[in-house]
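Report on one structure; see the data block that follows.
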Amino acid sequence: YTIQSMRMVVFNQWGEKVFESFNQATGWNGQYKGKGLPSGVYMYVCEMVLRDGTKQVKKGSINLVR
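What follows is the structure, encoded as structure tokens:
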């Protein structure tokens with residue numbers, strides 16, 4: 809699959825957005841507002857538009873370990 813555009817959002821356990829990117833080369837470093845977040849489970853949603861025009865949404869969890 810070739811991604812034409814994307815949006816990835818990471819949320820903490822209270823549903824607060826702690827990361828957002830529209831660039832697939834930019835990853836989340838476990839920080840929010842310049843400070844490292846505590847260990848825990850964070851949820852992500854990745855919305856993608858592929859080159860053929862189809863849309864995909866992937867959801868899952870990230871286990872952040874410090």
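Its first residue numbered 809, the sequence shown is counted upward by one per residue in our numbering.
Beta carbons are placed, not taken as given, at the ideal position from N, Cα and C, and that holds for glycine.
Assigned secondary structure, residue i (DSSP; H/G/I helix, E/B strand, else coil)
{"i": "G775", "result": "The shown model of the chain, from 809 to 874, leaves out residue 775, and the question about it has no answer."}
{"i": "Q821", "result": "coil"}
{"i": "F830", "result": "coil"}
{"i": "G848", "result": "strand"}
{"i": "M841", "result": "It is worth fixing the name first, because residue 841 is Lys in this sequence and not Met. Reduced to three states, the DSSP call for K841 is coil."}
{"i": "R859", "result": "coil"}
{"i": "R874", "result": "coil"}
Member of the options whose CA lies at the smallest distance from the CA of residue i
{"i": "V857", "options": "K843, Q821, Q832 and G868", "result": "Q832"}
{"i": "V817", "options": "G868, T862 and K843", "result": "G868"}
{"i": "K841", "options": "K825, Q864 and C854", "result": "K825"}
{"i": "T834", "options": "N871, S813 and Q864", "result": "S813"}
{"i": "K863", "options": "C854, N871 and I870", "result": "C854"}
{"i": "L872", "options": "L845, F827 and G861", "result": "L845"}
Rounded Cβ spacing between residue i and residue j (contact assumed at less than 8 Å)
{"i": "R874", "j": "S847", "result": "5 Å"}
{"i": "I865", "j": "Q821", "result": "This sequence places Val at residue 865; Ile is not what is there. V865 to Q821, Cβ: 21 Å. No contact."}
Residue i CB to nearest heavy atom of the ligand SAH below 8 Å
{"i": "V817", "result": "The ligand SAH is not part of this structure, which contains no ligands at all."}
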